[in-house]
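**Student:**
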Amino acid sequence: MHAQRIIQKFLDEDCPSIHVKRRAGLALVTDAAQRGGLTLLRLSRQVGSATALRHRIKQCDRLLSNGHLESERPEIYRALARRVLHEHPRVAIIVDWSDLLKDVSQHVLRATVVLEGRSFVTYEEIHDSDSYNVAAVHGKFMETLRTILPERCEPIIITDAGFRGTWFRMLNELKFAWIGRVRNREQMLLRGSEEWVDCQQLYPRARKHVQDLGIVDHVKSAPVKCRMVLTKKDGKGRQNKTAFGEKKQSAHSKKQAKGQREPWLLAVSTKLAALNADEIVKWYECRMQIEQTFRDLKNPQWGMGLRDSQTRKPRRLKALLLIAALLSFAFWLIGLAALARGFRIQYGSLAKASQTVSILTLARRWIDEHQKRMTLPELAQALTQLRHMIKTYDI
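For the record, in the sequence shown the residue sitting at position 187 is 581 according to this note's numbering, with numbers rising by one throughout.
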């Protein structure tokens, strides 16, 4: 009942236009997800109802397939954004793709706001493989994201090397500031030069000290004016190994390793002229936060287990993503409130306990060990603390 009360109160206050039965059903299924995971049968088994399992399966099935809920998703994401972001006009938002299911038939395009630790889901969409990394999909997604964010919000959009010149040009048209990584053989024209060069030709110049290369023209076929920042990070010494302890030799593993060894060449919007090169690099370092949210969503052992779902219908997957976003919001509040009570997981010494697990994991463990719910003042204080954890920038 921990998550159900939080989500029911949130929906009643911020989404009154949604039918009362649908609000109650969504809160009930979100509470079931905290114990069971994001598959139809697991949700049905954990729904707090005295009815037979077949009736609970039908109840969850109807909610996941509800066309009204699908159309109301943006309203709920907008309400979540208002709750968390309303005091912060200048935030950083990470955008990235991830495959969703084991057969890689469906992908999620997600936007998350940077916090201290994990990022917070702001908006997300489901797309099939034919729509993966398509410019038109990106444009529609960002237009919708603009309507999700509070009116005064002016975010920095942070992306990896999968988003290229067309993406930067589209963000300029939508008046977003942005930071993105440039790799492979993308060309640019440095200031004071008349010759276009591949970005790889700049890699030998990279040092630990961050270098600001100034304003350049990026992409020869359709130039985008931007600022370039170059730096090289020390290697982490990590190796992806097989179950037998040997270094992996797959093409995917080698491709990922190459990307980690390469210097960072960052393309930066001209709107961010007030940020120095070191600040740009620090903001880009936050990009990996979104990968943690993907693990929280998909991992069967430590997350919500969406990877195990057998559904392939976009409408049902959208509903499951919405349930996951609401559950994450509830976990943030419960975890921060539990932390304020002094709750720790004692895997090791108490001095290290607060650093070994995330707020979301702390919330799960607190729910497992406590039946008494958090008070409303505790949850209100947790929401205030969550807002204070948002990283902001000044220009």
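Don't be surprised by glycine CBs; every beta carbon is placed ideally from N, CA and C.
1. According to the Cβ coordinates, are LEU700 and ALA776 closer than 8 Å?
2. Which residues bound the alpha helix (DSSP H) around MET564?
3. How would you call ASP425, buried or exposed, if buried means at least 16 neighbouring beta carbons within 10 angstroms?
4. Indicate whether the contact test is met: 3 or more Cβ pairs, each with one atom in the stretch 687-699 and one in the stretch 457-476, closer than 8 Å.
5. Is there contact between the stretch 512-528 and the stretch 573-588, where contact requires at least three CB pairs shorter than 8 Å?
6. Buried or exposed for HIS782, going by 16 or more other Cβ atoms inside 10 Å?
7. LYS496 by DSSP, collapsed to three states: which one?
8. Is any beta-carbon of chain D found at less than 8 Å from that of LEU716?
9. Taking DSSP as the reference, what is the three-state secondary structure of MET698?
10. Consult DSSP for CYS409 and reduce its assignment to one of helix, strand or coil.
11. Just to confirm, is the Cβ distance from TRP677 to ILE784 under 8 Å?
12. Between LEU715 and GLN500, how many whole angstroms is the CB-CB distance? I'm expecting something under 8 Å.
13. Return the CA-CA distance between LEU773 and GLY736, expressed in angstroms with no decimal places.
14. Considering only the beta carbon of each residue, do ARG477 and ASP524 sit closer than 8 Å?
15. Whole angstroms are fine: how far does the CA of TRP696 sit from the CA of SER748?
**Tutor:** So, to answer that:
1. For the purposes of this step, residue 700 is taken as the residue at position 306 of the sequence shown. For the purposes of this step, residue 776 is taken as the residue at position 382 of the sequence shown. The criterion of a C-beta distance shorter than 8 Å is not satisfied by LEU700 and ALA776.
2. Locating residue 564 in the sequence shown gives position 170, where the first residue counts as 1. Residues 559-567.
3. In the sequence shown, residue 425 corresponds to position 31, counting from 1. Residue burial is scored here from C-beta neighbours: ASP425 has at least 16 other C-beta atoms within 10 angstroms and is therefore classed as buried.
4. Result no; under three Cβ-Cβ pairs closer than 8 Å.
5. Contact between the stretch 512-528 and the stretch 573-588 is absent, because fewer than three Cβ pairs lie under 8 Å.
6. Here residue 782 corresponds to residue number 388 of the sequence shown, with the count starting at 1. Per the 10 Å Cβ criterion, exposed.
7. Position 102 of the sequence shown, counting from 1, holds the residue named residue 496. Looking at LYS496 - three-state DSSP - the assignment turns out to be coil, as it is neither helix nor strand.
8. The chain labelled as chain D is not found in the depicted structure, where only one protein chain is given.
9. As a working mapping, residue 698 is identified with position 304 in the sequence shown. In the structure shown, MET698 adopts coil according to DSSP, grouped into three states.
10. Within the sequence shown, the letter at position 15 stands for residue 409. It is coil, neither helix nor strand.
11. By one-based count along the sequence shown, residue 677 stands at place 283. By one-based count along the sequence shown, residue 784 stands at place 390. No, the Cβ-Cβ distance between TRP677 and ILE784 is not below 8 Å.
12. Here residue 715 refers to the residue found at position 321 when the sequence shown is read from its first residue. Here residue 500 refers to the residue found at position 106 when the sequence shown is read from its first residue. That pair is no contact at about 10 Å.
13. By one-based count along the sequence shown, residue 773 stands at place 379. By one-based count along the sequence shown, residue 736 stands at place 342. Roughly 15 Å between the two C-alpha positions.
14. Position 83 of the sequence shown, counted from the first residue, corresponds to residue 477. Position 130 of the sequence shown, counted from the first residue, corresponds to residue 524. Cβ atoms of ARG477 and ASP524: not closer than 8 Å.
15. Position 354 of the sequence shown, counted from the first residue, corresponds to residue 748. Position 302 of the sequence shown, counted from the first residue, corresponds to residue 696. Low local confidence applies: a pLDDT of 49 at SER748 is under 50, so the model's placement there is unreliable, with the coordinate-based value given in what follows. Straight-line Cα distance between these residues: approximately 17 Å.
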